[in-house]
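**Student:** Residues 1 to 286 in full-length UniProt numbering are what the sequence shown lists, from first letter to last. One structure, as structure tokens, below. Some questions next.
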Amino acid sequence: MYLDVADSAVLPYGWTRYAQFSLSVVNQIHNKFTIRKETQHQFSARESDWGFTSFMPLSELYNPSRGYLVNDTCVIEAEVAVCKVVDYWSYDSKKETGYVGLKNQGATCYMNSLLQTLYHIPYFRKAVYHMPTTENDMPSGSIPLALQSLFYKLQYNDSSVSTKELTKSFGWDMHDSFMQHDVQELNRVLSEKLEDKMKGTVVEGTIQQLFEGHHMNYIECINVDFKSTRKESFYDLQLDVKGCQDVYASFDKYVEVERLEGDNKYHAEQHGLQGYTTPPHTLTPR
């Protein structure tokens, strides 16, 4: 589903409009199930339409019980806010900030955020530069070379950098670039691929050294003298943010003691079923 500029072909030469907008497929039975997506775009003669290649499954749209198609009628809502024109051409990011950005291929803002984060970890960037490649490698077919090229351009280019070579090395096509992916899953997959490519090189173990942490699971019975611990490794943590003022509060909530009773009682060998308290995860920084 796309938003298009009306009569774009007859507008004055060089026209441009920056807009923030949302598109919705209204659920006519339960409004809370309305599907809404929002984005922003600089509309111009070259890019007069913008939107989403994959908005919702057709099976849901055509299912009468879902409430999106009622009496052969589908209700679409669009909310558009036309903002002050942003003159990107005269803005020099390198001059103003010392850095350049990454171009959005359509819906790759989540990936761009991840790549910028990784780029600004000096040890990680250095390790990527030290990954061996050959003169016969092509960036579009080699993740290490594509990432090296991307980081180099972020470091030395004077304007924003394209990520197309990197996404091609992932095996993505244009359709993938217009679909929102899970940034946590992308980070895991990319880390695994880089970790595999680093094996047997001078930078082997970099991913583990930089990103692996440990937590300890404690189980302590209340009625008997029994305690159990289990150490586990992790590369990322899922923290609750609802009701937490900041990330420190999220960590406090993560390590809260939990008391389990009833069907959740713990079975301690030779002591039968016991109630227990457990600080589920105590972080061990590395």
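Glycine residues also receive a C-beta, built at the ideal position from the N, C-alpha and C atoms. Quick caveat: nothing in here was measured; it's all calculated off a predicted structure.
#1: Beta carbon of D240: closer than 7 Å to some heavy atom of the ligand FAD?
#2: By DSSP's criteria, T73 is part of a beta bridge. Which residues make up the other side?
#3: Counting Cβ pairs, one atom from each stretch, are 3 or more of them under 8 Å apart for the region 126-139 and the region 97-108?
#4: Taking the straight line between their C-alpha atoms, what separation do you get for V10 and V189?
#5: Going by DSSP, what residue range makes up the alpha helix (DSSP H) through S59?
#6: Using 8 Å as the Cβ pair cut-off and three pairs as the minimum, do the region 113-128 and the region 49-67 touch?
#7: Just curious, the beta strand (DSSP E) that Y18 is in, first and last residue?
#8: Give me, in chain order, the residues of the same chain whose beta-carbon lies closer than 7 Å to that of K37; leave out the 5 immediate sequence neighbours on both sides.
#9: Y218 bridges to which residues according to DSSP?
#10: Looking only at C-alpha atoms, which of Q28, H30, S44, M1 sits nearest to Y13?
#11: Does residue 290 pass the burial test, meaning 16 or more other C-beta atoms within 10 Å, or should it be called exposed?
#12: Should M131 go down as buried or exposed, given a rule of 16 or more other Cβ atoms within 10 Å for buried?
#13: E192 and M198 - do their beta-carbons sit closer together than 8 Å?
#14: Quick one: what's got a C-beta closer than 6 Å to I35's C-beta in the same chain, skipping five residues either side?
#15: When you compare only the Cα positions, how much space is there between V161 and M174?
#16: When burial is assigned at 16 or more other CB atoms within 10 Å of the CB, is S177 buried or exposed?
#17: Expressed to the nearest angstrom, what Euclidean distance is found between the alpha-carbon atoms of residue 303 and T163?
#18: Is it the case that the region 140-153 contacts the region 89-98, given that we only count it when at least three CB pairs across the two stretches are under 8 Å?
#19: Could you check what DSSP says for I143 in three-state terms: helix, strand or coil?
#20: Please state whether DSSP places F124 in a helix, a strand or coil.
#21: My guess is that V82 and Q28 are in contact by the Cβ rule of under 8 Å, so how many angstroms apart are they, rounded?
#22: Drop a sphere of 10 angstroms on the beta-carbon of E165, count the other beta-carbons inside from all chains shown, and report buried for 16 or more, exposed for fewer.
#23: Using CA coordinates, which residue listed in Q245, Q184, N217 is at the minimum distance from Q238?
#24: If you draw a straight line from the alpha carbon of Y218 to that of V257, how long is it in whole angstroms?
#25: In three-state terms, what does DSSP make of K32?
#26: When the Cα atoms are used, what is the spatial distance from Y129 to Y119?
**Tutor:** Well, looking at it:
#1: Inclusion of the ligand FAD in the displayed structure is not the case, the ligand content being empty and no account of it being possible.
#2: Start at 1 with the first residue of the sequence shown, and residue 73 comes out as number 73. In the DSSP assignment, T73 forms a beta bridge with V70.
#3: no
#4: As a working mapping, residue 10 is identified with position 10 in the sequence shown. As a working mapping, residue 189 is identified with position 189 in the sequence shown. Roughly 46 Å separates the two Cα atoms.
#5: Indexing the sequence shown from 1 puts residue 59 at position 59. Counting along the chain, the alpha helix (DSSP H) containing S59 begins and ends at 58-62.
#6: no
#7: Within the sequence shown, the letter at position 18 stands for residue 18. 16-25 is the extent of the beta strand (DSSP E) around Y18.
#8: For this step, residue 37 is matched to residue 37 along the sequence shown. The answer, listed in chain order, is S22, L23, F52, F55.
#9: Here the question's residue 218 lines up with position 218 in the sequence shown. Its beta-bridge partners are T229.
#10: Residue 13 sits at position 13 when you count from the first residue of the sequence shown. Closest in alpha carbon position to Y13, among Q28, H30, S44, M1, is S44.
#11: Since the first residue shown for the chain is 1 and the last is 286, residue 290 is missing from the structure and cannot be characterised.
#12: One-based indexing of the sequence shown puts residue 131 at position 131. Counting C-beta atoms within 10 angstroms of its own C-beta, M131 has 16 or more neighbours from the protein chains shown and is therefore classed as buried.
#13: Stepping through the sequence shown from its first residue, residue 198 is reached at position 198. Stepping through the sequence shown from its first residue, residue 192 is reached at position 192. Contact flag unset, no.
#14: By 1-based counting over the sequence shown, the position of residue 35 is 35. Taken in chain order, the residues that qualify are V25, M56.
#15: Residue numbering aside, residue 161 sits at position 161 when the sequence shown is read from its first letter. Residue numbering aside, residue 174 sits at position 174 when the sequence shown is read from its first letter. Roughly 17 Å separates the two Cα atoms.
#16: Position 177 of the sequence shown, counted from the first residue, corresponds to residue 177. Buried is the call here.
#17: Nothing about residue 303 can be reported from this structure: the residues present for the chain run from 1 to 286 only.
#18: Under the Cβ criterion (8 Å, minimum of three pairs), the region 89-98 does not count as touching the region 140-153.
#19: Translated into the one-based positions of the sequence shown, residue 143 becomes position 143. In this structure, I143 counts as helix in the three-state DSSP scheme.
#20: Stepping through the sequence shown from its first residue, residue 124 is reached at position 124. Helix.
#21: Locating residue 82 in the sequence shown gives position 82, counting from the first residue. Locating residue 28 in the sequence shown gives position 28, counting from the first residue. Not quite, the Cβ-Cβ distance comes to about 29 Å (not below 8 Å), so this is no contact.
#22: Along the sequence shown, read from residue 1 onward, the residue named residue 165 stands at position 165. E165 should be labelled buried.
#23: Reading the sequence shown from its first residue, position 238 is the one you call residue 238. Comparing Cα-Cα distances from Q238 to each of Q245, Q184, N217, the minimum goes to Q184.
#24: Taking the first residue of the sequence shown as 1, we reach residue 218 at position 218. Taking the first residue of the sequence shown as 1, we reach residue 257 at position 257. Cα-Cα distance, rounded: 10 Å.
#25: Start at 1 with the first residue of the sequence shown, and residue 32 comes out as number 32. Helix, per DSSP.
#26: In the sequence shown, counting from the first residue as 1, residue 129 sits at position 129. In the sequence shown, counting from the first residue as 1, residue 119 sits at position 119. Computed Cα separation, rounded: 11 Å.
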